[in-house]
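S.K.:
In this note's numbering, the protein residues as written are 7 to 279.
1) Using only CA atoms, which one of 257, 150, 163, 111 lies nearest to residue 79?
2) Could you give the first and the last residue of the continuous alpha helix (DSSP H) run that contains residue 83?
3) In the structure shown, what three-state DSSP assignment does residue 230 receive?
4) Going by Cα to Cα distance, which pick from 54, 94, 7, 103 is closest to residue 207?
5) Measure how close the beta-carbons of residue 217 and residue 230 come, nearest whole angstrom, since I'm counting them as under 8 Å.
6) With a CB to CB cut of under 8 Å and the five nearest residues on each side skipped, what residues in its chain are close to residue 228?
7) Please report how far the alpha carbon of residue 117 lies from the alpha carbon of residue 260, in whole angstroms.
8) Does the Cβ-Cβ distance between residue 242 and residue 203 come in under 7 Å?
9) Exposed or buried, what is residue 115 when buried is set at 16 or more other beta-carbons lying within 10 Å of its beta-carbon?
10) Using 10 angstroms around the beta-carbon of residue 47, count the other beta-carbons present and answer buried if the total reaches 16, otherwise exposed.
11) Quick one: grab the DSSP three-state call for residue 9.
12) Just to confirm before moving on: does the CB-CB distance between residue 168 and residue 109 stay below 7 Å?
13) What whole-angstrom Cβ distance do residue 6 and residue 140 have, given they're in contact under 8 Å?
14) With H, G and I counted as helix, E and B as strand and the rest as coil, what does DSSP make of residue 196?
15) Please classify residue 60: is it buried, with 16 or more other beta-carbons within 10 angstroms of its beta-carbon, or exposed?
16) What three-state label does DSSP hand residue 117 in the structure shown?
17) Can residue 32 be considered in contact with the ligand MN, in the sense that its beta carbon sits closer than 6 Å to one or more heavy atoms?
18) Please report the straight-line C-alpha distance between residue 138 and residue 49, rounded to a whole angstrom.
19) Out of curiosity, what's the CA-to-CA distance linking residue 143 and residue 103?
20) Taking 7 Å as the threshold (C-beta atoms), are residue 98 and residue 205 in contact?
21) Looking only at its chain, what residues have a beta carbon closer than 7 Å to the beta carbon of residue 174, apart from the 5 residues adjacent to it on each side?
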């Protein structure tokens with residue numbers, strides 16, 4: 007029992023709930039990662055795509071492994087938490103900004119435009135298209151690995167749970183994310199739900215700035231208590247499960263079929279791991 011408390015914290019039920027939430031969030035982030043990897047290699051010749059994807063996946067594993075060791079440091083440096091929160095809020099804002107532009111007919115193609123990226127433009131003439139693409143893939147892997155850690159930290163300060171969360175992110179790249187590709191084919195609104203959750207986690211992390219300077223305030227004590235972690239976990243589970251149930255029973259939110267090439271591209275990346 008002591009070992010379970012060591013892993014999950016003083017409240018075992020809350021710890022299990024946090025792990026379930028981390029499985030969902032990390033898996034969805036891995037699907038997003040796979041989709042981006044797929045779009046970045048599509049302009050390569052077929053025989054080079056497999057090589058670029060292989061290096062991209064290896065890089066994803068390595069960088070998530072590095073982040074596994076950096077997780078404890080991330081918790082100890084107080085200003086990294088609000089900084090990570092702002093980063094997650096930016097991801098959420100950028101997603102919904104793109105959706106609004108798309109709804110107004112001004113949205114850009116979802117495929118990553120490598121030619122506009124500074125790293126790709128500065129390296130393609132020196133090392134060639136293949137290795138410039140691989141370099142860009144690794145840069146994206148780093149960004150997604152940072153997402154992986156910040157999402158885990160937003161749920162809890164318990165170091166072992168953070169380690170478990172980052173490790174789940176590594177496993178999700180191989181085992182769990184593929185199931186989410188299938189799920190998101192049927193319930194495309196889950197992508198929007200995921201970014202709502204990411205935004206909420208960002209706000210929770212960003213609020214640590216206030217907590218740091220005003221630790222005795224009522225709001226600070228509320229955010230630092232177990233109730234805030236439990237609320238975040240329950241909210242995350244509910245916001246994923248309830249729309250799926252209502253969609254199945256009442257077709258609300260409405261189900262739409264995701265563009266086949268997007269789902270197939272993401273699934274293809276996951277198949278190659």
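Even glycine gets a Cβ: it sits at the ideal position worked out from N, Cα and C.
M.R.: Answer, in terms of the structure:
1) As a working note, residue 79 is residue 73 in the chain shown. When each option's Cα is compared against that of residue 79, the closest is 163.
2) Position 77 of the chain shown, counted from the first residue, corresponds to residue 83. No alpha helix (DSSP H) contains residue 83, which DSSP labels as neither H nor E.
3) Here the question's residue 230 lines up with position 224 in the chain shown. In the structure shown, residue 230 sits in a helix (DSSP, three-state: H, G or I).
4) For the purposes of this step, residue 207 is identified with residue 201 of the chain shown, where counting begins at 1. The candidate whose alpha carbon is nearest that of residue 207 is 94.
5) Taking the chain shown and counting its residues from 1, the one referred to as residue 217 is at position 211. Taking the chain shown and counting its residues from 1, the one referred to as residue 230 is at position 224. Sure, about 6 Å apart at Cβ, within 8 Å.
6) For this step, residue 228 is matched to residue 222 along the chain shown. Result list for residue 228: 234, in chain order.
7) Position 111 of the chain shown holds residue 117. Position 254 of the chain shown holds residue 260. Reliability of the predicted coordinates at residue 117 is poor, the pLDDT of 48 falling under 50, and no value is obtained from them.
8) As a working note, residue 242 is residue 236 in the chain shown. As a working note, residue 203 is residue 197 in the chain shown. Yes, Cβ-Cβ distance for residue 242 and residue 203 is below 7 Å.
9) Mapped onto the chain shown, residue 115 falls at position 109. Caution is warranted here: a pLDDT of 49 is assigned to residue 115, below 50, making its placement in the model unreliable, and the coordinate value is therefore given only provisionally. Classification of residue 115: exposed, given that the 10 Å Cβ count is below 16.
10) Sequence index remark: in the chain shown, residue 47 carries index 41 (1-based). The residue is buried, with at least 16 neighbouring Cβ atoms inside 10 Å.
11) Position 3 of the chain shown, counted from the first residue, corresponds to residue 9. Three-state result, residue 9: helix.
12) Translated into positions along the chain shown, residue 168 becomes position 162. Translated into positions along the chain shown, residue 109 becomes position 103. The answer is no: Cβ separation not under 7 Å.
13) Here the chain comprises residues numbered 7 to 279, so residue 6 is not present and cannot be evaluated.
14) The count along the chain shown starts at 1 and reaches residue 196 at position 190. Of the three classes helix, strand and coil, the one that applies to residue 196 here is helix, per DSSP.
15) Mapped onto the chain shown, residue 60 falls at position 54. Exposed: under 16 other Cβ atoms inside 10 Å.
16) What you label residue 117 is simply residue 111 of the chain shown in a count that begins at 1. Interpretation of residue 117 is limited by its pLDDT of 48, a score under 50 that renders its predicted location unreliable; no figure is taken from the coordinates.
17) Judged by which ligands are present, the structure shown has none, so any question about the ligand MN falls away.
18) Translated into the one-based positions of the chain shown, residue 138 becomes position 132. Translated into the one-based positions of the chain shown, residue 49 becomes position 43. Distance between the alpha carbons of residue 138 and residue 49 is about 12 Å.
19) As a first step, residue 143 must be located in the chain shown, where it is residue number 137. As a first step, residue 103 must be located in the chain shown, where it is residue number 97. Going from the Cα of residue 143 to the Cα of residue 103 covers about 24 Å.
20) On the chain shown, residue 205 is found 199 positions in, with the first residue counted as 1. On the chain shown, residue 98 is found 92 positions in, with the first residue counted as 1. Their beta carbons are under 7 Å apart, which means residue 205 touches residue 98 by this criterion.
21) The residue given as residue 174 occupies position 168 in the chain shown. The answer, listed in chain order, is 28, 29, 32.
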